[in-house]
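Residues 4 to 98, numbered by this note's numbering, are exactly what the sequence shown covers, in order.
All residues carry an ideal CB built from backbone N, CA and C; glycine is no exception.
A quick note: this is a predicted structure, and the numbers were derived from the prediction, not measured.
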Amino acid sequence: MPSYRVMMTVGAMRPGVSPAVVLPAAAAAAAEFTIVEASDVAVVAGAARLTVRFMADDPELALQIGEHVTSVTASLARVDTWAVTERVQGRWIRV
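Following this line, the structure appears as structure tokens:
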């Protein structure tokens with residue numbers, strides 16, 4: 004089964020939301036539909052970037068999962084950008 008990831012640049016938290024809950028919630032959103040391989044948060048160019056890596060049967064399903072993860076994340080924090088990529092021969096290609 005192919006490996007995909009959704010990457011989101013995240014800004015300010017919604018009122019009353021702790022930053023510590025955002026990444027686990029994003030990973031749990033993906034886990035509702037598929038196997039989550041990994042999740043990570045990093046600071047890139049001064050902005051928080053959340054990454055959730057997961058498995059999906061095809062790019063269409065991966066996009067649906069990515070949209071769901073982004074929607075759940077957006078309920079907790081401002082999502083400035085997001086993208087779904089697929090692992091193809093050692094490279095990440097945008098879906």
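Exercise. Considering only residues of the same chain and omitting the five flanking positions on each side of Val72, which have a CB-CB separation below 6 Å?
Worked result: Along the sequence shown, one-based indexing puts residue 72 at 69. Val9, Ala29, Ala32, Ala33 and Val55, listed in sequence order.
Exercise. Could you give the C-beta distance for Thr12 and Thr88, rounded to a whole number, given that I count them as a contact under 8 Å?
Worked result: Here the question's residue 12 lines up with position 9 in the sequence shown. Here the question's residue 88 lines up with position 85 in the sequence shown. Thr12 to Thr88, Cβ: 14 Å. No contact.
Exercise. Where does Pro44 fall in DSSP's three states?
Worked result: Position 41 of the sequence shown, counted from the start, is the residue given in the question as residue 44. Correcting the residue type first, residue 44 is Val in the shown sequence and not Pro. Correct three-state label for Val44: strand.
Exercise. In angstroms, rounded to a whole number, what distance separates the CA positions of Ser78 and Arg17?
Worked result: As a position in the sequence shown, residue 78 is number 75, starting the count at 1. As a position in the sequence shown, residue 17 is number 14, starting the count at 1. Ser78 and Arg17: Cα-Cα distance of roughly 7 Å.
For this session: Taking 8 Å as the cut-off, decide whether the C-beta atoms of Pro5 and Arg94 are in contact.
Result: For the purposes of this step, residue 5 is taken as the residue at position 2 of the sequence shown. For the purposes of this step, residue 94 is taken as the residue at position 91 of the sequence shown. No, they are not a contact pair.
For this session: Starting from Ala50, follow its DSSP beta bridges and name the residues at the other end.
Result: For this step, residue 50 is matched to residue 47 along the sequence shown. Note: Ala50 sits in a beta bridge opposite Val47.
For this session: Identify whether Glu35 lies in helix, strand or coil by the three-state DSSP scheme.
Result: The residue you call residue 35 lines up with position 32 of the sequence shown. Coil at Glu35, not helix or strand.
Exercise. How many angstroms separate the CA atom of Ala15 from the CA atom of Ala51?
Worked result: As a first step, residue 15 is located in the sequence shown; it is residue number 12 there, counting from the start. As a first step, residue 51 is located in the sequence shown; it is residue number 48 there, counting from the start. Spanning the two alpha carbons is a distance of roughly 10 Å.
For this session: May I ask you to list the residues that DSSP assigns as paired with Ile96?
Result: For the purposes of this step, residue 96 is identified with residue 93 of the sequence shown, where counting begins at 1. Within the DSSP bridge table, the entry for Ile96 names Glu89 as partners.
Exercise. If you follow the beta strand (DSSP E) that Ala15 is part of, which residue opens it and which one closes it?
Worked result: Taking the sequence shown and counting its residues from 1, the one referred to as residue 15 is at position 12. From DSSP, the beta strand (DSSP E) with Ala15 extends over Ser6 to Met16.
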